[in-house]
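Peer 1: Pasting a structure here, questions to come.
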């Protein structure tokens, strides 16, 4: 179960690291497309909220999958 938490933490950190340059690159293009909405500015101003949601979701999914795997092997 602890391994599931660690996987969730690493997955959210990697996702945030990938999204940073991606939103920086797509920011001006999205601003032209959406008419004034800069994706990078939104990402940067809501960084903690996005990271928290990703972290919580990753941890929950990791714990659930680890619990299912442990239960499967404990029954066998």
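In my numbering, the protein residues as written are 129 to 204. Every residue gets a Cβ at the ideal spot worked out from N, C-alpha and C, and that includes glycine.
Tell whether a beta-carbon distance below 8 angstroms holds between residue 132 and residue 183.
Peer 2: Here residue 132 refers to the residue found at position 4 of the chain shown. Here residue 183 refers to the residue found at position 55 of the chain shown. Taking 8 angstroms as the Cβ cut-off, residue 132 and residue 183 do not qualify as a contacting pair.
Peer 1: What number of angstroms, rounded off, separates the C-alpha of residue 159 from the C-alpha of residue 138?
Peer 2: For the purposes of this step, residue 159 is taken as the residue at position 31 of the chain shown. For the purposes of this step, residue 138 is taken as the residue at position 10 of the chain shown. If I take the Cα positions, the gap works out to 30 angstroms.
Peer 1: Taking the alpha helix (DSSP H) that residue 186 belongs to, which residues open and close that run?
Peer 2: Position 58 of the chain shown, counted from the first residue, corresponds to residue 186. Looking at the DSSP string, the run of the alpha helix (DSSP H) that includes residue 186 is 175-203.
Peer 1: Tell me, to the nearest whole angstrom, how far the beta carbon of residue 169 is from that of residue 155; I am working on the premise that it is less than 8 angstroms.
Peer 2: For this step, residue 169 is matched to residue 41 along the chain shown. For this step, residue 155 is matched to residue 27 along the chain shown. Contact holds; Cβ gap of about 7 angstroms.
Peer 1: Given this structure, state the Cα-to-Cα distance separating residue 174 from residue 190, to the nearest angstrom.
Peer 2: Position 46 of the chain shown, counting from 1, holds the residue named residue 174. Position 62 of the chain shown, counting from 1, holds the residue named residue 190. Taking the straight line joining both Cα atoms gives about 24 angstroms.
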